[in-house]
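Engineer: Residue numbers (my numbering): 96 to 233. Following this message is one structure expressed as C-alpha coordinates.
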(Lines of atoms letter the chains of each structure in order from A; the text may use other names.)
(Lines give C-alpha, C1' and ligand atoms only; values in the text may rest on other atoms or scores of the structure.)
Protein backbone atom coordinates (compact mmCIF):
# COMPACT_ATOMS: atom_id res chain seq x y z
CA UNK A 96 0.00 0.00 0.00
CA UNK A 97 1.59 3.27 -1.08
CA UNK A 98 0.61 6.49 0.64
CA UNK A 99 1.97 9.69 2.07
CA UNK A 100 1.22 11.26 5.43
CA UNK A 101 2.17 14.54 7.07
CA UNK A 102 3.20 14.01 10.68
CA UNK A 103 2.58 16.51 13.50
CA UNK A 104 6.00 16.64 15.16
CA UNK A 105 8.88 19.10 15.20
CA UNK A 106 11.49 16.45 14.42
CA UNK A 107 11.78 14.14 11.41
CA UNK A 108 11.23 10.41 11.98
CA UNK A 109 14.07 8.46 13.50
CA UNK A 110 14.83 4.74 13.20
CA UNK A 111 12.73 3.92 16.28
CA UNK A 112 8.95 3.98 15.68
CA UNK A 113 7.22 7.09 17.02
CA UNK A 114 3.54 8.09 17.03
CA UNK A 115 2.25 11.26 15.41
CA UNK A 116 -0.91 12.91 14.14
CA UNK A 117 -1.02 13.29 10.37
CA UNK A 118 -3.48 14.49 7.75
CA UNK A 119 -4.34 12.32 4.76
CA UNK A 120 -2.92 14.09 1.73
CA UNK A 121 -3.70 11.70 -1.12
CA UNK A 122 -6.08 8.83 -1.77
CA UNK A 123 -5.86 6.97 -5.08
CA UNK A 124 -8.63 4.56 -6.10
CA UNK A 125 -9.62 4.05 -2.46
CA UNK A 126 -6.05 3.43 -1.31
CA UNK A 127 -4.32 5.90 0.97
CA UNK A 128 -1.30 7.11 -0.98
CA UNK A 129 0.00 10.10 0.95
CA UNK A 130 -0.12 11.83 4.31
CA UNK A 131 0.98 15.38 5.06
CA UNK A 132 3.21 16.47 7.92
CA UNK A 133 1.98 19.93 9.02
CA UNK A 134 5.39 21.02 10.36
CA UNK A 135 7.59 19.74 7.55
CA UNK A 136 5.05 20.28 4.76
CA UNK A 137 6.34 17.12 3.16
CA UNK A 138 4.56 13.92 2.24
CA UNK A 139 5.59 10.64 3.78
CA UNK A 140 4.92 7.25 2.16
CA UNK A 141 2.25 5.14 3.83
CA UNK A 142 3.56 1.60 4.04
CA UNK A 143 0.46 0.01 5.61
CA UNK A 144 -2.86 0.70 7.34
CA UNK A 145 -4.22 -1.11 10.39
CA UNK A 146 -6.96 -3.67 9.77
CA UNK A 147 -10.49 -2.40 10.33
CA UNK A 148 -9.91 1.23 9.32
CA UNK A 149 -12.86 2.76 7.46
CA UNK A 150 -12.25 4.20 3.99
CA UNK A 151 -10.11 7.33 4.37
CA UNK A 152 -10.56 10.61 2.56
CA UNK A 153 -8.19 13.47 1.83
CA UNK A 154 -8.06 15.77 4.86
CA UNK A 155 -8.86 13.06 7.43
CA UNK A 156 -6.82 13.16 10.63
CA UNK A 157 -5.03 9.90 11.34
CA UNK A 158 -2.63 8.50 13.94
CA UNK A 159 0.54 7.17 12.35
CA UNK A 160 3.68 5.45 13.54
CA UNK A 161 6.84 6.45 11.78
CA UNK A 162 9.00 3.53 10.71
CA UNK A 163 11.98 3.20 8.47
CA UNK A 164 10.87 4.25 5.01
CA UNK A 165 7.52 5.86 5.88
CA UNK A 166 4.53 5.59 8.18
CA UNK A 167 1.92 3.03 9.24
CA UNK A 168 -1.61 4.39 9.75
CA UNK A 169 -2.98 2.97 13.01
CA UNK A 170 -6.32 4.76 13.45
CA UNK A 171 -8.68 7.39 12.14
CA UNK A 172 -9.06 10.37 14.49
CA UNK A 173 -12.25 12.34 14.94
CA UNK A 174 -12.09 15.49 12.85
CA UNK A 175 -14.56 17.87 14.51
CA UNK A 176 -14.44 20.44 11.70
CA UNK A 177 -15.53 18.01 8.98
CA UNK A 178 -17.89 16.14 11.33
CA UNK A 179 -19.93 19.33 11.76
CA UNK A 180 -20.11 19.90 8.00
CA UNK A 181 -21.31 16.43 7.00
CA UNK A 182 -24.19 14.20 8.08
CA UNK A 183 -23.60 10.90 9.83
CA UNK A 184 -24.15 8.08 7.34
CA UNK A 185 -24.80 4.51 8.46
CA UNK A 186 -24.96 2.10 5.55
CA UNK A 187 -25.33 -1.67 5.60
CA UNK A 188 -26.59 -3.92 2.79
CA UNK A 189 -28.64 -6.13 5.17
CA UNK A 190 -30.44 -3.26 6.92
CA UNK A 191 -30.08 -1.35 10.18
CA UNK A 192 -31.56 -1.94 13.63
CA UNK A 193 -31.26 0.66 16.40
CA UNK A 194 -32.27 -0.81 19.76
CA UNK A 195 -32.48 0.75 23.22
CA UNK A 196 -34.11 -1.45 25.83
CA UNK A 197 -37.40 -2.64 24.32
CA UNK A 198 -37.55 0.17 21.75
CA UNK A 199 -36.45 -0.64 18.21
CA UNK A 200 -36.11 1.16 14.88
CA UNK A 201 -35.64 -1.18 11.91
CA UNK A 202 -34.77 -0.11 8.36
CA UNK A 203 -34.69 -2.79 5.66
CA UNK A 204 -32.99 -2.68 2.26
CA UNK A 205 -36.45 -3.10 0.68
CA UNK A 206 -37.48 0.31 2.06
CA UNK A 207 -39.56 -0.69 5.09
CA UNK A 208 -39.15 1.35 8.28
CA UNK A 209 -40.58 -0.01 11.52
CA UNK A 210 -40.60 1.74 14.88
CA UNK A 211 -41.63 -0.28 17.95
CA UNK A 212 -41.84 1.27 21.40
CA UNK A 213 -44.08 2.16 24.35
CA UNK A 214 -44.98 5.61 23.04
CA UNK A 215 -44.23 7.99 20.20
CA UNK A 216 -44.18 11.77 20.52
CA UNK A 217 -44.00 14.01 17.48
CA UNK A 218 -43.37 17.72 18.00
CA UNK A 219 -42.99 19.78 14.84
CA UNK A 220 -42.75 23.54 14.38
CA UNK A 221 -44.03 23.20 10.80
CA UNK A 222 -46.59 21.04 9.00
CA UNK A 223 -46.50 17.25 9.46
CA UNK A 224 -47.29 15.33 6.29
CA UNK A 225 -48.24 11.66 6.10
CA UNK A 226 -48.27 10.21 2.61
CA UNK A 227 -48.95 6.65 1.56
CA UNK A 228 -51.20 4.44 -0.53
CA UNK A 229 -53.33 4.00 2.60
CA UNK A 230 -52.93 5.44 6.10
CA UNK A 231 -54.43 3.50 9.03
CA UNK A 232 -54.97 5.22 12.36
CA UNK A 233 -55.75 2.75 15.18
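A virtual CB, placed ideally from N, CA and C, is assigned to each residue, including glycine.
Under DSSP, the beta strand (DSSP E) around residue 187 begins and ends at which residues?
Structural biologist: From DSSP, residue 187 is part of no beta strand (DSSP E); its letter is neither H nor E.
Engineer: Any idea what DSSP makes of residue 230, helix, strand or coil?
Structural biologist: coil
Engineer: Can the beta-carbon of residue 202 be found less than 8 Å from the beta-carbon of residue 190?
Structural biologist: yes
Engineer: Taking the straight line between their C-alpha atoms, what separation do you get for residue 167 and residue 116?
Structural biologist: 11 Å
Engineer: Exposed or buried, residue 138, counting other C-beta atoms within 10 Å across all chains shown (16 or more means buried)?
Structural biologist: buried
Engineer: By a C-beta neighbour count over all protein chains shown, 10 Å radius and 16 as the cutoff for buried, is residue 192 buried or exposed?
Structural biologist: exposed
Engineer: I need the straight-line Cα distance from residue 159 to residue 150, nearest angstrom please.
Structural biologist: 16 Å
Engineer: If you follow the beta strand (DSSP E) that residue 140 is part of, which residue opens it and which one closes it?
Structural biologist: 137–144
Engineer: Can you name, in chain order, every residue of its own chain whose Cβ lies under 6 Å from the Cβ of residue 200, other than the five neighbours on each side?
Structural biologist: Excluding sequence neighbours, residue 200 sits near 193, 210.
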